[in-house]
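Residue numbers (the working numbering): 1032 to 1798.
Every residue, glycine too, gets a C-beta built ideally from N, C-alpha and C.
Here the structure is laid out as structure tokens; the discussion comes afterwards.
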Amino acid sequence: MLRYVLYIYLVIPSFLYSQDSDQIRFGTNLIGELEQATDINSYHFAGDGGDRIWLRVSDANSDIDASFRLIFESEILITAEGSGGDVEAFDFVLPDTGTYTVEIYDKNHNDAGAYGFSLHKLNNPEYARQIQCGNDVFDRISTQVGIQVYQFEVQAGDIAFAQMRATSSHFEASMYLFNEHGDLLKKSVRKANPFAIIDKVEVAEDQTYALFVYDANGNDTSSFGLTYQDINDPTCGTIPLQCRDHKEDKIEQLAETHAFQVDLAEDEGFVAKILSETVSMEATVMVFDPEGKSIFENSVSGKANDIVIPRVKTSGTYLIILNDDRANDTSSYYLTYNKLDISCARELPLCHEFEAGFEVKADINLYYFFMPEQRSPLEIKEIDAVIEPYSSLIFNHQFENKKDNVKLKLDLPEIETGNIVFLAMSDNGGNDLGRYKFKPGASFSTGNAPVALIKKGLEFTLPVEGSLSLTVKDLDDGSYDDCQIVDMFINPSSFDCSLLGENEVELTVIDNEGFASTARTIIKIKSDLELDMEACMKIPVEEYTDSKCIEVQGKAKGGSGKYDFHWSNGAKGEFIKVCKDELEEFSVKVTDSNGCSAKQEIWIPLGDRIECHPNGKKITICHLPPGNTDNAQELCVSTSSLKAHFGHGDYLGPCDGPCGGSEESEIVFRGSNTGINLVKLQGIVGHSGEVLQMHAEDLDLENGEVQLQLVNGLGQIIYRQKVNVQSDHLAVKMPDSDRASGLYYLFIRQTANGQQKQITLPIVIQQ
């Protein structure tokens, strides 16, 4: 049908009158009627200045010559008159914001009947149906000149692809793609009357796109299927494929598209086979690289689609897209995918016969072998007469396909000995299951031992039962042979608590000729048994007693869960009492029912570890001011005043030192008259066995007796001694070399002029 040119009038002819008046919105698709030949039906809608609109009117199987006028504030902006067909105003820009009127009438005012009317906005039609990338939509246009509109988000760099198929063969499938400003980006191409596609639109910036679906002449209605896909977006409704994946699914509606993603590194490749179960479906397969460029496309009907990509040039995610060529057929389908990687394939024996088969439709058996010196041909023959052997020999980024109804004879390629060759085997049609026999062209002995490869740097944790059995799979790192490996074993393979730590393990590989090779590695066996106690105990001040003894509970986790505790003072059991005279070397060992054990040294703030006055009536506590617990203060307080520190987190012992020191610490001067003074000094770095000389003046020491006590990070006392400061130097001997490197603390105490000073000095000792 013909489209007619628009005419602009300045006045409304006085002999016409309005029959109906309705308020409508953008997105309206309706069927109206002129009940009398002289009727004029009016519709009002609100628009903003700058809106770009599309207005269509057509007869609806009636005799009227559908026509319309667009009016704003009594001014006729557009007049479009037809003679039996559709008329339209496409991409008309509204001049101002306000209410607009559309009047629909018969051109010659001599016919009555039905008409179709649609009104849409091209710039950001927010009323549109929101869809996502990868959606498959089934919808309907049910009125003449009706339009369905869909919106979706796009990002810069996307490459958009859309197709639609109508159920009615009379429907002239058409699509327009607009950006959010109302600019027409692309029109569809009609592949058949009801089938249209928009192919590979490159997105320049992040926007909201709108897709308009309509019948070109506006005189037909129909249901239709619609799909939208980004062909370079791996998140676009895709299904990921991995080694040896097999999928069974169904194309269930018109224009439905299924997308699969595969991740490949540069120089990797893959094979795939796709079979439609319905002969009428023209299964179309397309493969796109990460940039959305097509690297494979093929369409077949009644047989399988074979894909061999021996090598990709770019690392990234590749898309495999499947649909029907004309978008008009549905079918169940089968898909098998495999990556060209020896971890995804089975080693092919080149020195003896073997049998294999296809277990599912579109099955692929992928093999690999290392190119031998003897280039004897390979023979593959059906066992079950239903299958037709089909092969792809893949090497050096090339491939050779071959098929036969009964038997294949494959010549090995002229490539360097030792190169990897892949062989993909399938049934030609992909629709038959059965077995085949592989036979080398000549029997020969390689005379070579297999190559045993074993994993390195492994650690294993014993299970609850305390016994671990390793398998070849745990340790094998891709051992291979010129022909076939027939046996593999490891020794030792069983481990328990008696073998904790490093163990040497041997992997032995034996091939079909009886040759063997071994590989060795060191593995670490661990137990998850551990003591669950504080290495440096924080005891609340309210638990201080004159007896200077406390109850300690042994706690552990992991292992068998049944624990025996052994304490360094000879006690056994979960609970023990520890007194101040037992603190020289204090530790606990736990053993579970499997015989695994763990040991931990513990620093307990008791006795002279916390005393800060010679009379023993003052102790060191760490005070946490209420409301400001981050500002911990180390105090030397009388035991009689401890109650004032109950209940708000204060604990026995220093804030810094064995339970929280660092290489940079604080020297604390304590005295009954002077209170607390803090002086910041850097920690000292020394070496085992050497004598450190310190300036007494730096430590603010007087001439006279000084008590020295050196402890490790857990509070274990390394030595005590008394020295006299009679010069400006203080000499301190570091621990001998049998002590471990690490952080130590030197406690320096001196009483002078009725005041006691205690200095805590961190020392990093190195071997």
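Where residue i falls, given that 16 or more other Cβ within 10 Å makes a residue buried
i, result
"residue 1075", "exposed"
"residue 1796", "buried"
"residue 1582", "exposed"
"residue 1589", "buried"
"residue 1621", "buried"
"residue 1238", "buried"
"residue 1274", "exposed"
"residue 1158", "exposed"
"residue 1551", "exposed"
"residue 1750", "exposed"
Residue i to residue j span [Cα, whole Å]
i, j, result
"residue 1125", "residue 1231", "31 Å"
"residue 1479", "residue 1512", "8 Å"
"residue 1079", "residue 1279", "51 Å"
"residue 1661", "residue 1346", "51 Å"
"residue 1664", "residue 1531", "44 Å"
"residue 1782", "residue 1634", "26 Å"
"residue 1141", "residue 1068", "5 Å"
"residue 1088", "residue 1166", "31 Å"
"residue 1185", "residue 1210", "10 Å"
"residue 1189", "residue 1449", "43 Å"
"residue 1730", "residue 1580", "33 Å"
"residue 1436", "residue 1422", "12 Å"
"residue 1309", "residue 1288", "16 Å"
"residue 1398", "residue 1514", "13 Å"
"residue 1372", "residue 1439", "24 Å"
"residue 1240", "residue 1156", "9 Å"
"residue 1734", "residue 1779", "14 Å"
"residue 1055", "residue 1360", "38 Å"
"residue 1342", "residue 1316", "18 Å"
"residue 1178", "residue 1411", "58 Å"
"residue 1804", "residue 1292", "What is shown of the chain runs 1032 to 1798, which leaves residue 1804 out entirely."
"residue 1676", "residue 1732", "31 Å"
"residue 1497", "residue 1545", "36 Å"
"residue 1256", "residue 1248", "19 Å"
"residue 1587", "residue 1566", "13 Å"
"residue 1082", "residue 1065", "29 Å"
"residue 1434", "residue 1325", "26 Å"
"residue 1407", "residue 1277", "33 Å"
"residue 1204", "residue 1340", "35 Å"
"residue 1696", "residue 1774", "Bear in mind that the predicted position of residue 1696 carries a pLDDT of just 33, short of 50, making it unreliable; the figure below should be weighed with that in mind. Approximately 12 Å, taken between the alpha carbons."
Bridge-paired residues (DSSP) for residue i
i, result
"residue 1221", "1227"
"residue 1271", "1292"
"residue 1352", "1290, 1317"
"residue 1213", "DSSP output for residue 1213 lists no bridge partner at all."
"residue 1682", "1571, 1653"
"residue 989", "The displayed coordinates of the chain run from 1032 to 1798. Any statement about residue 989 would go beyond what the structure contains."
"residue 1376", "According to DSSP, which records beta bridges pairwise, residue 1376 is partnered with nothing at all."
"residue 1166", "For residue 1166, which the question treats as bridged, DSSP gives no partner whatsoever."
"residue 1774", "1795"
"residue 1597", "1603, 1620"
"residue 1667", "1651"
Selected residue, minimal CA-CA separation from residue i, among the options
i, options, result
"residue 1417", "1392, 1403, 1248, 1440", "1392"
"residue 1122", "1145, 1107, 1152", "1152"
"residue 1494", "1537, 1591, 1470", "1591"
"residue 1394", "1407, 1736, 1368, 1553", "1368"
"residue 1549", "1482, 1564, 1593", "1482"
"residue 1517", "1528, 1340, 1529, 1503", "1503"
"residue 1118", "1587, 1131, 1107, 1090", "1090"
"residue 1130", "1115, 1108, 1396", "1108"
"residue 1658", "1679, 1376, 1604, 1644", "1679"
"residue 1636", "1624, 1655, 1619, 1612", "1612"
Inset, instruction - Please confirm if the segment 1131 to 1139 is in contact with the segment 1244 to 1260, defined as three or more CB-CB distances below 8 Å between the two stretches. - result: no
Inset, instruction - Would you check if there are 3 or more beta carbon pairs closer than 8 Å linking the segment 1629 to 1636 to the segment 1550 to 1565? - result: yes
Legend entry - Any 3 or more C-beta pairs closer than 8 Å across the segment 1207 to 1223 and the segment 1163 to 1175: no
Inset, instruction - Indicate whether the contact test is met: 3 or more Cβ pairs, each with one atom in the segment 1569 to 1581 and one in the segment 1534 to 1548, closer than 8 Å. - result: no
Inset, instruction - Decide if the segment 1453 to 1473 is in contact with the segment 1423 to 1433; the criterion is three or more beta carbon pairs, one per stretch, under 8 Å apart. - result: yes
Legend entry - Three-pair Cβ contact test at 8 Å for the segment 1258 to 1267 versus the segment 1100 to 1108: no
Inset, instruction - For the segment 1459 to 1468 and the segment 1512 to 1524, state whether three or more C-beta atom pairs, one from each stretch, are separated by less than 8 Å. - result: no
Inset, instruction - Taking 8 Å as the threshold, find out whether the segment 1080 to 1099 comes into contact with the segment 1140 to 1155 through three or more Cβ pairs. - result: yes
Inset, instruction - Please determine if the segment 1298 to 1308 and the segment 1330 to 1345 are in contact, where contact requires at least 3 C-beta pairs separated by less than 8 Å. - result: yes
Legend entry - contact_flag[the segment 1371 to 1387, the segment 1463 to 1471] where n(CB pairs < 8 Å) is 3 or more: yes
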